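Protein sequence lines correspond, in order, to chains E and Y.
Under the working numbering, the first residue of the first sequence carries the number 71, and numbering increases by one thereafter.
Under the working numbering, the first residue of the second sequence carries the number -2, and numbering increases by one thereafter.
Backbone N, C-alpha and C define an ideal beta-carbon position, used for all residues, glycine too.
Predicted, not measured: the structure shown is a model, and the values here were computed from it.
One structure is given here, and the rest of the page talks about it.
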Amino acid sequence: MEDRKIAVRVDDLTVAYNYKPVLWDIDLTIPESVLMAIVGPNGAGKSTLIKAILGIIEPIAGSVTIYDKPYEKQRKLVAYVPQKGSVDWDFPTTALDVVMMGTYGKLGWIKRPGQKEKKASLEALEKVGMLPFKNRQISQLSGGQQQRVFLARALVQDAAIYFMDEPFQGVDATTEIAIINILKELRKAGKTVIVVHHDLQTVPEYFDWVTFLNVKKIATGPVKDIFNDDNLTKTYGINYKVAVNK
Amino acid sequence: MDLKEYFSLVFSDYTLRTITLGTAILGAICGMLGSFAVLRKQSLLGDAISHAALPGIALAFMITGTKDTNLLLLGALVSGLIGTFWIRGIITKTHLKSDTALGLVLSLFFGFGMLLLTFIQKQPNANQAGLDKYLFGQAATLVEKDVTLMAIVTGICLVVLLLFWKEFKILLFDADYTKTLGFNTRFIDILITFFIVLAIVLGLQTVGVVLMSAMLLAPAAAARQWTNRLSVMILLAAVFGAFSGVLGTAISASQNNLSTGPVIVLVASVFVLFSFIFSPGRGVLFKQVRFWQNRRDLKLQKTLQFMFDIAKTHEDISHPHAIKILNNFQGFAKTSLKEMEEKNWVKVQGQEWSLTQDGYNAAENLYKQ
């Protein structure tokens, strides 16, 4: 365990909206090949943490390295699954087209996706069980199907590190199981997966690593060591024994 | 001149040809770029920019003293761009919402522009008349030079669009994600906005400050109804825009005292209205038709299910029953019964019905899938 490489290192990350800190001095070291949940109450800055790491939100201080190099130089190693609600699903495009967008980063400016990219996208759709819907207009997909399309778009990026913002939000049990199985496969293949997660009950079952966040970092480490009542109480401010009495 | 005469003259008459070509090109480029504005939910941006261009026209005239269209439009471009940056600045620097920022910039610039226009009109300068044509547009003042400029800008816009197609598309759909892929989203954003401003400025002479945003939005809104593909939508919007330009010019040229700009906008609005009602996928009409169809199918299935439940309890599935017992279905039975008879699912004899083997099988398969 100790000789694992460090996939993501966050130093002194601070984000503020309107002078009010949303994230305060976050230090975070995420080893390679873990499936990590970021948990915390609403407004704790979970999504903001991911967005700040990915440079979508500009932090007022702090730095991020991916495999010991600045994030800006390592973008191709990183894939992102935004919250489903962050885009307009009535956009005139198909499921396959959205997944193909995952190939744009490696293509770079101007160059168009070709057969190779299309094949990879179809494979990604197949992996998430969405191949029959490849030509479907995206507004005609269910919430769970839309989430799978987003996951496929990240898979096609073929990254080393995956950041996912609430991928289980508003999906049915079947989709949730399908998604978690894919995430576990990614971990098995040596990838690092970081997930903003809401359901505390499933943390021990799904994840092997966890970060407690409430504006400040409360704790981070293996689920079996630190997913305990003490940290939950520190994060949520109330006793959570009832919620996780497994 | 009637419409027929117009179309016979349009290729030979120089003025008519110039104006028609101008409005067609303008319609096409506005349709194309308007699609971007609509899909980015920035529909009102066009309105704000066109109004923001007015003081630029007035100032350009006051500084240079000429009424050279290109110079005045350059002024419009500069003040349109300043307006756009102010809008973006207000949104990012304060916590005002974008509609507030648009409204503020629109009224501030337009007010200032009107002030300058009235000031200019009071000046003892023979050259001053005619600046107010930029308020409502005057297509008749289009000359070949203007149309050439429009064509060049449209050509450049088309090349940029084809070159950065992939980048435009992904930015429109998911800007945050685009950033994580390593694209400079600010550059793409500025590129799109710059061309929108350019198209608006080009249209000021023809359609005018006040109605310009309709030129951007109407063809795009109409096109969205007919397709679920971005490329087709943009192409259709360009076609709708061009047709609005040509038809609008034709109508206004064939009647006395009909100003071209408003007529073009009205024609474009007819495209929108038609599309909202008659498009097969998203139109109001076909939605209603599908609703009726579904309701009828459901009624039929409900009746069949009921018959099936009764027939099941008998040894002989075709044992006749009184039609009266179907009346639970609030009078729907009659049409449903007729339809089922046509499908050979039931036989009706006098006041009694009986299920056929076909009907029995159909009912059995109804909810199996």
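CB G258 (chain Y) to CB A136 (chain Y), shorter than 8 Å?
Cβ distance < 8 Å, so G258 (chain Y) and A136 (chain Y) count as in contact.
In this structure, what does DSSP give as the bridge partners for N284 (chain E)?
Within the DSSP secondary-structure output, N284 (chain E) pairs in a beta bridge with E:K286.
Hey, does L124 (chain E) have any beta-carbon neighbour from chain Y nearer than 8 Å?
At least one beta carbon of chain Y lies nearer than 8 Å to the beta carbon of L124 (chain E).
Beta-bridge pairing of P216 (chain Y) - partner residues as DSSP gives them
Assignment of beta-bridge partners to P216 (chain Y) by DSSP yields no partner.
When DSSP builds the beta bridges, which residues end up paired with M29 (chain Y)?
For M29 (chain Y), which the question treats as bridged, DSSP gives no partner whatsoever.
Chain E residues whose Cβ lies nearer than 8 Å to that of M230 (chain Y):
Simply P162.
Could you spell out where the alpha helix (DSSP H) holding Y276 (chain E) opens and where it closes?
It spans V273 to Y276 - the alpha helix (DSSP H) in which Y276 (chain E) sits, taken as one unbroken run.
Taking 8 Å as the CB-CB limit, is K316 (chain E) close to chain Y?
Per-residue confidence for K316 (chain E) stands at a pLDDT of 46, beneath the threshold of 50, marking its modelled position as unreliable; the derived number appears in the next sentence. With 8 Å as the cut-off, K316 (chain E) does not count as an interface residue toward chain Y.
Give the C-beta separation of L30 (chain Y) and L213 (chain Y) to the nearest angstrom, bearing in mind that I take them to be a contact with Cβ-Cβ under 8 Å.
Yes, L30 (chain Y) and L213 (chain Y) are in contact; Cβ-Cβ is about 7 Å, under 8 Å.
Using only alpha-carbon positions, find the residue among E:L124, E:A131, E:P101 and E:Y276 that is nearest to Y87 (chain E).
When the alpha-carbon of Y87 (chain E) is set against those of E:L124, E:A131, E:P101 and E:Y276, the nearest one is in E:A131.
Given a threshold of 16 other Cβ atoms within 10 Å of its Cβ, counted over all protein chains shown, does K316 (chain E) qualify as buried or as exposed?
Bear in mind that the predicted position of K316 (chain E) carries a pLDDT of just 46, short of 50, making it unreliable; the figure below should be weighed with that in mind. So K316 (chain E) ends up on the exposed side.
Would you verify that the beta carbon of T81 (chain Y) is, or is not, closer than 8 Å to some beta carbon of chain E?
False, the Cβ-Cβ gap to chain E never drops below 8 Å.
Would you kindly report the start and end of the unbroken alpha helix (DSSP H) that includes S241 (chain Y)?
Where S241 (chain Y) is concerned, the enclosing alpha helix (DSSP H) stretches over L227 to S251.
Does the Cβ-Cβ distance between A49 (chain Y) and V102 (chain Y) come in under 8 Å?
Closer than 8 Å, so yes.
Chain Y partners of M171 (chain E), CB-CB under 9 Å?
Ordered by position in chain Y, the residues that pass the 9 Å Cβ test against M171 (chain E) are K163, K166, I167, F170, D171, Y174, T175 and L178.
Helix, strand or coil at V206 (chain Y) according to DSSP, with G and I counted as helix:
Secondary structure of V206 (chain Y) (DSSP, three-state): coil.
Going by beta carbon distance, what residues of the same chain come within less than 7 Å of L114 (chain Y), once the five residues before and after it are set aside?
Exclusion of the five residues before and after L114 (chain Y) leaves A55, L128 and D129 as the residues of its chain whose Cβ lies within less than 7 Å of its Cβ.
First and last residue of the beta strand (DSSP E) that includes A149 (chain E)?
Run containing A149 (chain E): V148 to V151, per the beta strand (DSSP E) assignment.
Close beta carbons around I123 (chain E), own chain, < 8 Å, minus the five adjacent residues each side:
Result list for I123 (chain E): V78, V80, L83, V134, Y141 and F233, in chain order.
Alpha helix (DSSP H) runs contained entirely in the stretch 110 to 152 of chain Y, provided each spans 4 or more residues:
Unbroken alpha helix (DSSP H) runs of no fewer than 4 residues, entirely contained in the stretch 110 to 152 of chain Y, are found at 130 to 133, following chain order.
Going along the chain, which residues of its own chain have a beta-carbon closer than 7 Å to the beta-carbon of M171 (chain E), five neighbours each way excluded?
Contacts found: R223.
Return yes when the Cβ of L98 (chain E) is within less than 8 Å of the Cβ of K287 (chain E), no when it is not.
Yes, the pair counts as a contact, with Cβ atoms nearer than the cut-off.
Within chain Y, the residues that G213 (chain E) reaches when beta carbons sit closer than 9 Å:
The contacting residues do not exist; G213 (chain E) stays about 17 Å from chain Y at best.
Of all the options E:V285, E:I308 and E:I252, which has the alpha carbon lying nearest to the alpha carbon of D299 (chain E)?
Nearest of E:V285, E:I308 and E:I252 to D299 (chain E), Cα basis: E:I308.
Write down every uninterrupted run of the beta strand (DSSP E) in the stretch 186 to 243 of chain E whose length is 3 residues or greater and which is fully enclosed by it, in chain order.
Correct list: 231 to 235.
In the stretch 236 to 270 of chain E, which residues sit with their C-beta less than 9 Å from some C-beta in chain Y, listed in chain order?
Listed in sequence order: no entries.
Which whole-angstrom value is the C-beta distance of S266 (chain Y) and W223 (chain Y), which I expect to be below 8 Å?
Taking a contact as a CB-CB distance under 8 Å, the pair S266 (chain Y) and W223 (chain Y) does not count as one, their CB atoms being some 16 Å apart.
Can you tell me which of the three DSSP states K316 (chain E) falls into?
Residue confidence for K316 (chain E) is low, a pLDDT of 46 falling below 50, so the modelled location carries little weight and cannot support an answer.
For N253 (chain Y) and chain E, any beta-carbon pair shorter than 8 Å?
Taking Cβ atoms only, chain E never reaches closer than 8 Å to N253 (chain Y), which makes this a no.
Best match in Y:P52, Y:A218, Y:T17 and Y:T203 for proximity to A234 (chain Y) [C-alpha to C-alpha]
Checking every option, the nearest Cα to that of A234 (chain Y) belongs to Y:A218.
Just to check my reading of the structure: F282 (chain E) and N301 (chain E) have Cβ atoms closer than 8 Å, yes? What is that Cβ distance to the nearest angstrom?
Sure, about 5 Å apart at Cβ, within 8 Å.
Residue range of the unbroken alpha helix (DSSP H) whose run includes L301 (chain Y):
In the DSSP assignment, L301 (chain Y) falls within the unbroken alpha helix (DSSP H) covering V281 to K309.
Of all the residues that make up the stretch 100 to 131 of chain E, which are near chain Y by a beta-carbon distance shorter than 8 Å?
Going along the stretch 100 to 131 of chain E in chain order, one finds K121, L124, G125 and I126 with a Cβ nearer than 8 Å to chain Y.
Residues bridged to I322 (chain Y) (per DSSP):
None, per the DSSP bridge assignment.
Quick check: the stretch 191 to 210 of chain Y against the stretch 30 to 39 of chain Y, are there 3 or more CB pairs under 8 Å?
The stretch 191 to 210 of chain Y is in contact with the stretch 30 to 39 of chain Y.
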